[in-house]
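Written out below as structure tokens is the structure these notes cover.
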Amino acid sequence: MNSYGHFDDASREYVITRPDTPWPWINYMGTGDFFSLISNTAGGYCFCKDAKFRRILRYRYNGVPMDAGGRYFYIKDGDTLWNPGWKPCKTPLDFYECRHGMGYTRICGEKDGLRAESLFFVPLEHRCEVHRMKLVNRSDRPKQIQLYAFVEWCLWNASTDMENFQRNLSTGEVEVCKDAIYHKTEYRERRNHYAFYGVNRPFDGFDTDRETFLGMYNGFDAPSQALAGTSGNSVAHGWSPVAAERFDLTLAPGAMEELIFVLGYVENPADAKFCAPGVINKAPARTMMDAFATGVQADAAFAALRAYWDDLLGRFTVASAVPELDRTVNVWNQYQCMITFFMSRSASYFESGIGRGMGFRDSNQDLAGIVHLIPDRARQRILDIAATQFPDGGCYHQYQPLTKRGNNDIGGGFGDDPLWLLFGTVAYLRETGDFTILDEPVPFDNVPGSEVTLLEHLKISFRRVATHLGPHGLPLIGRADWNDCLNLNCFSLDPDESFQTTENVAGGQAESLMIAGLFVAEGKDFAELLDRLGDADAAEVRTAVRTMEDAVKKHGWDGEWFLRAYDFHGGKIGSRECDEGKIFIESQGWCAMARIGADEGLCDKALDSAVKHLECEHGLVLNAPAYSSYLYQYGEISSYPQGYKENGGIFCHNNPWVIIAEAMAGHVEDAWRHYTKITPAFGQQSHDLRKVEPYVFCQMVAGAEAARPGEGKNSWLTGTAAWTWKCVSEFILGVKPQYDGLLIEPCIPLRYGTYRIHRRFRDATYDITVHSTEDGPGKVFIPYAPGHQTIEVIV
Ligand code: BGC
Ligand code: NOJ
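Numbering (numbering that gives the first Met the number 0), first residue to last: 0 to 794.
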């Protein structure tokens with residue numbers, strides 16, 4: 000069993016000790032609107048605001064070799080050309096280490112006595128990446144070397160950059176100064192933004208034309224200029240502009256040289272675009288470079304970034320007897336929640352940044368992971384999302400972050416979408432107590448003049464689902480529900496159609512038990528909220544919830560578990576009567592979280608059935624048995640081979656639904672077992688099997704019926720982050736934010752039942768020592784009061 004790295008808890012870093020990880024193991028940098036993806040070999044790219052429309056570096060997806068493009072440093076030392084991050088030359092290193100930390104990455108390589116320590120980070124106050132390169136001659140001989148710093152520019156629109164070559168190959172433009180290369184393609188016309196790669200000393204040579212630097216038929220691994228120790232001083236006109244900067248350095252034994260690079264993005268006002276005809280206004284770029292001219296300045300900016308994360312991650316910490324739990328809760332789960340909130344599902348090593356904007360349901364769920372960290376941004380996000388809703392309660396499935404406008408290409412009509420606005424808003428309100436958000440005027444489809452209050456949007460959302468019911472009184476599924484691949488109205492036989500966007504067949508009556516459970520759970524919360532507001536509509540909501548519960552008990556119970564859906568023609572999905580897909584996880588999770596039929600024992604039975612039929616070594620699979628052939632009446636779900644993705648994969652996102660339901664039902668050991676199976680820090684899969692980053696959750700781990708059960712895919716951007724956070728913080732550790740305080744109601748095995756929680760909650764700070772006991776009260780309420788409280792609770 001190979002190990003590629005380990006956690007360093009004290010510094011909140013994951014330390015990668017060899018570069019040839021089974022898949023690139025990445026990190027994210029950025030906290031505002033400038034973001035970067037960086038792999039353990041410095042691959043990746045950055046963008047400002049929008050991964051599709053404002054892409055700064057070019058990246059080649061699924062390239063060969065893998066992970067092509069990034070910020071590459073080349074060192075030419077004698078006859079050897081090497082990279083501190085190993086790639087792209089892959090020259091064997093004497094030492095390699097990559098440390099992914101909170102918003103920064105350090106990569107250190109050593110070869111023949113020369114150590115190159117690079118630190119990459121995106122500072123808080125500027126739209127740039129800082130690359131700090133320290134070279135130390137650890138040998139006893141003087142060294143004369145060339146250092147090259149290299150990036151390749153993307154022509155802004157990451158989509159057309161990969162397609163429209165007849166135009167692109169003629170548009171590229173740059174400007175070169177002694178210490179910076181500016182990328183200004185299309186700046187001459189409608190763009191008001193450019194990018195630059197600057198450094199705090201003049202370079203000794205440069206290239207901006209890719210073919211001059213690399214050589215026509217060479218890859219990044221064999222740039223002909225760097226191999227020769229030269230530069231072509233080329234100025235790009237069209238083709239593919241790059242920035243390659245050469246430094247001739249002499250290092251005495253023991254000597255150190257430091258260079259600080261700024262890879263920045265600038266927007267100029269329309270009337271200040273140029274300082275002379277055709278010459279870009281570089282003043283803002285200069286200001287940015289000046290901010291990182293010295294090590295002292297870079298230190299300060301880095302310290303500020305660390306302080307930012309210290310503050311955030313200091314809001315909720317646990318000290319328990321389980322180190323895997325602590326490092327997940329205190330560091331990586333919360334960090335992943337932040338990243339997922341920033342990115343939605345747009346840009347990762349599995350999401351191209353081109354196809355998807357911000358998801359309506361995704362972004363609402365992501366809120367649950369960050370309301371306690373960045374409540375102001377959560378507030379804004381809720382208002383942005385609500386503004387993409389239509390007057391009838393329907394909504395765009397996605398919107399583009401740059402414009403905040405609904406994305407027409409993706410379509411709408413997903414039956415579950417409106418309910419997630421309730422979910423996100425309630426999470427925000429319980430955390431912050433800020434009821435003023437409900438009075439905010441929010442337009443429909445961003446049309447000025449159409450504003451109603453956010454509270455009205457919530458009512459419309461609820462009514463939308465309450466009034467779109469099928470023959471069994473259950474919610475219509477529409478294009479799909481949470482499971483995007485359950486396309487019951489699609490009937491596609493055309494391989495060129497997208498399951499996600501093709502117009503559905505009209506007249507369908509397909510119904511979803513997952514939405515039914517979601518409706519009941521969110522409806523109960525909504526009624527409670529309306530009560531607090533003294534709003535008489537609470538009664539209407541309660542009635543609708545009760546009617547739905549009855550419909551579920553009558554038409555949604557299969558004997559041992561909850562059905563999953565009724566198809567277009569009223570046939571059952573997720574029933575013992577089915578040959579395949581007899582049982583599904585989503586309806587067990589949601590109906591049991593909604594406690595539908597709990598008194599009659601339905602929830603306990605459903606959860607037991609989930610354990611019996613869905614649990615495998617690596618977690619709970621989505622459905623079993625998986626579909627073994629394509630069933631056009633069910634859609635994309637059956638397009639996946641068995642055991643993968645929505646067809647029998649362990650969709651980590653919905654495991655916490657079952658875990659939360661187990662906790663609600665008091666099934667302590669089941670909840671804990673499920674949790675430790677999907678949480679990567681518990682190391683249930685070897686690195687080689689899991690393949691993807693061992694420090695973050697992935698969307699899917701291959702299920703029992705897959706060819707390689709336990710193999711992870713789609714790491715980072717997944718609702719799993721927020722849901723596992725909700726699950727561990729509120730249900731396992733049992734710290735539940737309520738409108739008036741914190742309810743402590745843990746569900747953790749007694750052997751781990753004593754732990755300390757530090758929690759900031761609004762203007763209050765709580766230090767709580769929890770002792771779980773066999774026969775304690777089960778829960779203790781701590782009323783909210785500003786100030787600091789140290790509390791011991793026995794539950
Ligand atoms: C994936 C889903 C995803 C959907 C929409 C499908 O191919 O399997 O997980 O939600 O695409 O992007
Ligand atoms: C990923 C999508 O982003 C999410 O919206 C969906 O609910 C899940 N896949 C399940 O299909």
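Quick reminder that beta carbons are idealized off the backbone N, C-alpha and C, glycines included.
Counting only the same chain and skipping the five closest in sequence on each side, list residues whose C-beta sits under 6 Å from that of residue i.
i      : result
ASN26  : ILE37, HIS99 and THR104
ASP220 : PRO87 and CYS88
GLY472 : ALA550
CYS484 : GLU635, ILE636 and GLU645
SER345 : ALA50, GLY352 and ARG355
THR431 : PRO374
ALA320 : TYR751
SER796 : What the structure shows of the chain is the stretch from 0 to 794, and residue 796 is not part of that stretch, so it cannot be assessed.
HIS787 : THR764
Select from the options the residue whose C-alpha is nearest the C-alpha of residue i.
i      : options                           : result
TRP155 : SER239, MET547 and SER685         : SER239
MET699 : MET357, ASP687, GLY718 and ASP247 : GLY718
TRP671 : ILE747, ALA284 and ALA701         : ILE747
THR402 : ARG53, SER35, GLU151 and ASP93    : ARG53
ASN486 : THR159, VAL425, ASP566 and LEU418 : ASP566
GLY702 : GLY682, GLU744 and PRO640         : PRO640
LEU250 : LEU372, GLY356, ARG114 and TRP308 : ARG114
VAL451 : GLY392, GLN499, ASP480 and GLN399 : GLY392
THR789 : GLY522, HIS371 and ALA763         : ALA763
GLY469 : PHE434, LEU418 and GLY570         : GLY570
PHE389 : ALA377, MET357 and VAL446         : VAL446
THR170 : CYS153, LYS177 and ILE180         : CYS153
TYR631 : CYS489, ASP19, ILE731 and ALA367  : CYS489
TRP81  : GLY108, ARG70, GLY507 and PRO64   : GLY108
According to the neighbour-count rule (16 or more other Cβ atoms, all chains shown, within 10 Å of its Cβ), is residue i buried or exposed?
i      : result
GLN587 : buried
GLN379 : exposed
ARG463 : buried
ARG429 : buried
ARG750 : exposed
GLU124 : exposed
VAL544 : buried
ALA520 : buried
TYR147 : buried
ILE144 : buried
TYR398 : buried
TYR216 : exposed
HIS396 : buried
GLN165 : exposed
PHE94  : exposed
Residues in its own chain within less than 8 Å of residue i by CB, not counting five upstream and five downstream?
i      : result
LYS183 : GLU172, VAL173, GLU174, TYR193 and ILE279
ALA269 : ASN191
GLY68  : GLY42, GLY43, TYR44, LEU56, ARG57, TYR58, ARG59, GLY62, GLU151 and PHE219
GLY414 : VAL464, HIS467, PRO474, LEU475, ILE476, GLY477, ARG478, ALA479, ASP480, SER511 and ILE514
LYS552 : ILE595, GLY596, GLU599 and LEU601
Give the straight-line distance between the Cα atoms of residue i and residue j, rounded to the nearest whole angstrom.
i      : j      : result
ARG326 : GLY573 : 37 Å
GLY580 : SER628 : 11 Å
MET287 : GLY263 : 8 Å
LEU562 : TYR13  : 42 Å
LEU366 : TRP724 : 11 Å
ASN130 : GLU96  : Note that residue 130 is His in the sequence shown, not Asn. Taking the straight line joining both Cα atoms gives about 16 Å.
PHE34  : GLY448 : 34 Å
ARG689 : GLU729 : 28 Å
Enumerate in chain order the residues of its own chain whose CB-to-CB distance from residue i is below 7 Å, with the five nearest sequence positions on each side excluded.
i      : result
HIS686 : ASN1, SER2, TYR3, PRO21 and PRO693
GLU350 : ARG344 and LEU716
PHE273 : ILE279 and ASN280
VAL779 : ILE743, VAL792 and VAL794
ARG305 : none
GLN737 : ARG429
GLY740 : PHE780, ILE781, PRO782 and TYR783
Go through the segment 95-175 residue by residue and report every complete run of the alpha helix (DSSP H) that reaches 4 residues or more, in order.
164-170
Of all the alpha helix (DSSP H) runs that stay within the bounds of the segment 640-688, which reach a length of 4 or more residues?
654-664 and 667-677
What are the uninterrupted segments assigned as alpha helix (DSSP H) that are 4 or more residues long and contained completely in the segment 434-504, given in chain order?
453-465
Could you pull out every unbroken alpha helix (DSSP H) segment of at least 4 residues lying fully inside the segment 270-349, listed in chain order?
282-289, 294-312, 322-326 and 332-342
Return the chain-ordered ranges of every beta strand (DSSP E) run that is complete within the segment 162-236 and spans a minimum of 3 residues.
173-175, 179-182, 192-198 and 204-208
Could you give the uninterrupted runs of the alpha helix (DSSP H) lying entirely in the segment 717-769, keeping only those of 4 residues or more?
719-725
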